[in-house]
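Going from the sequence shown to this note's numbering is simple: count from 1 and add 87.
Note that the Cβ used here is the ideal one computed from N, Cα and C, for glycine as well.
Working notes, beginning with the structure itself.
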Amino acid sequence: MRLSIISAIAILVAKTTAKCLSEPCVETADLEKRQWGGGQWGGGQWGNGGFGGGNGGFGGGAGGQKSINDYKRVQVSGRDIHVYAPSNLAAKSPLLLSLHGMDQDPNYQQSNTHWETLADTEGFVVVYPRGGTGMSTWDIQGDKDTKWVLQIIDQMAKDYDIDRNRVYLSGFSMGGMFTYHAMSKIGDKIAAFAPCSGPNVFGASKAMRPVPIFHVHGTNDDVLNYNQVEGFLKNYRDQFHCPSQADVKNNYPNQENPNGTLYSWGPCDQGVYIKHLKLVGRGHSPSKADIGDIWNFVKEYSLDGKAGGNTGGNGGNTGGNGGNTGGNGGNTGDISKIILI
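The following block contains the structure:
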């Protein structure tokens with residue numbers, strides 16, 4: 088399996104023409120869509136009825152917001168991370184890591200999610216790491232990048248005295264795949280996980296402990312088709328002995344789409360919850376519209392059990408307008424999440 092993934096990535100490398108350095112990876116996203124949506128994985132196992140279908144899209148963040156220039160660029164073990172810390176940050180504050188998709192970069196992830204808008208009001212540190220060399224991918228089978236994440240946590244503890252019990256991981260597309268992979272490798276170091284449009288169909292699927300999961304996915308995702316989400320999440324619900332029936336909230340008011348559905352299973356083993364935000368019509372791109380829901384979920388969890396205690400509620404709806412485009416044929420108000428492995 089490792090060789091097949093490497094081969095697939097090699098094909099992408101050979102055809103890549105855009106390198107997400109300072110602008111969004113529009114060409115790269117098109118390439119990735121061809122490979123994983125309508126090409127190599129599109130028409131077969133991961134295509135119709137699998138991972139295909141729908142027309143997504145993405146654009147920049149809302150005007151007047153902070154940019155990546157407001158972040159501090161730091162090197163950890165020779166690799167870049169972009170760090171944002173509020174000016175009034177208290178000691179022992181939480182840390183959230185937000186991971187980009189394949190062949191993207193921290194600039195792209197930040198310009199679409201704008202986690203700093205919540206960091207300022209909620210008081211936490213945000214880190215956008217850069218994926219590995221070449222196509223900026225994540226190691227979703229081995230331990231190279233999970234070890235690096237632990238080094239990032241160590242550096243943030245040194246620089247900002249963050250609370251190691253309140254470290255949260257979220258990622259889009261291949262970053263979402265890595266978020267799931269991290270559950271199996273460093274699940275004892277991360278308090279809660281929020282993957283977006285990125286089930287790890289290639290890597291390990293057994294978490295090292297019952298972990299809180301908040302999965303966001305659009306029904307029009309044409310890179311990783313929504314039809315696979317239920318079966319993928321059931322694997323974790325079974326592992327954690329969650330209730331078979333979900334608490335379902337229809338017409339859930341995500342910032343970009345009033346027609347979302349929030350599914351909540353719990354309490355599961357050790358009191359954790361698994362939640363899934365289904366966004367009707369969204370394609371495949373990261374969005375600021377989801378950060379409030381994600382934050383209101385993850386902040387309830389701490390490795391020492393002292394951070395609020397999740398009760399399985401709605402999660403809240405902060406987060407402002409994402410400014411993404413997409414959905415069906417490029418309508419505004421996209422509801423998407425990206426998965427570039």
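Residue environment: Gly318 is assigned as exposed (fewer than 16 neighbouring CB atoms within 10 Å of its CB, all protein chains considered). Across the structure, Met295 and Ile277 are spaced so that their CA atoms are roughly 11 Å apart. Residues of the same chain with a CB within less than 6 Å of the CB of Trp382, apart from the 5 flanking positions on each side, are Leu205 in chain order.
Here Ala177 is exposed. Its C-beta has fewer than 16 other C-beta atoms within 10 Å.
Unbroken beta strand (DSSP E) stretches of 3 residues or longer found wholly inside the segment 195 to 261: 212 to 216 and 254 to 259, given in chain order. One Cα belongs to Ile227, the other to Lys272, and the distance between them is close to 10 Å. In chain order, Pro297, Val298, Pro299, Phe327 and Gly353 place their CB closer than 7 Å to the CB of Val359, counting only its own chain and leaving out the 5 sequence neighbours on each side.
Val288 is positioned such that its CB atom lies no closer than 7 Å to that of Ile239.
Contact check between the segment 243 to 252 and the segment 260 to 268: fewer than three CB pairs, one atom from each, fall below 8 Å, which does not count as touching.
The shortest CA-to-CA distance from His304 to any of Gly229, Gly370, Ser257 and Gly165 is the one to Gly370. For Arg166, there is no enclosing alpha helix (DSSP H); the residue is found in the beta strand (DSSP E) stretching over Arg166 to Tyr171. Separation of Arg166 and Pro193 (C-alpha to C-alpha, rounded to the nearest whole angstrom) is 12 Å. It is roughly 30 Å from the alpha-carbon of Lys375 to the alpha-carbon of Pro330. The secondary-structure analysis by DSSP pairs Ala281 across a beta bridge with Ser257.
The C-beta of Arg160 has fewer than 16 other C-beta atoms within 10 Å across all chains shown, which makes the residue exposed. Secondary structure at Tyr350: strand, using DSSP grouped into helix, strand and coil.
Judged by DSSP in its simplified three-state form, Gly358 adopts helix. Nearest neighbour of Gly219 by Cα position, chosen from Thr200, Gly262 and Pro345, turns out to be Gly262.
Nearest C-alpha to Thr348 among Asp334, Gln357, Cys355 and Asp356: Asp334. Arg369 is not bridged by DSSP to any residue.
Residue pairing by DSSP places Arg160 opposite His169 in a beta bridge. For Tyr388, no beta strand (DSSP E) segment is defined, and its DSSP state is neither H nor E. With a cutoff of 7 Å on beta-carbon distance, Val213 and Trp225 are scored as not near each other. Counting along the chain, the unbroken beta strand (DSSP E) around Gly305 starts and ends at Ile300 to Gly305. Per DSSP, Tyr339 is one residue of the beta strand (DSSP E) stretching across Asp334 to Asn341. Across the set Ser372, Met264 and Phe301, the C-alpha of Met264 shows the shortest separation from the C-alpha of Thr233.
The continuous beta strand (DSSP E) containing Leu186 extends over residues Leu182 to Leu186. Straight through space, the alpha carbons of Gln196 and Val310 are spaced by roughly 17 Å. A distance below 8 Å between beta-carbons, with the five flanking residues on each side excluded, links Asp157 to the following residues of its chain, in chain order: Tyr171 and Glu203. Within a 10 Å sphere around the beta-carbon of Thr208 sit fewer than 16 other beta-carbons, which makes this residue exposed. His328 carries a coil assignment under DSSP once its states are collapsed to helix, strand and coil.
Classified as exposed, Lys231 has fewer than 16 neighbouring CB atoms from the shown chains inside 10 Å of its CB.
Exclusion of the five residues before and after Lys293 leaves Ser271 and Gln326 as the residues of its chain whose Cβ lies within less than 7 Å of its Cβ.
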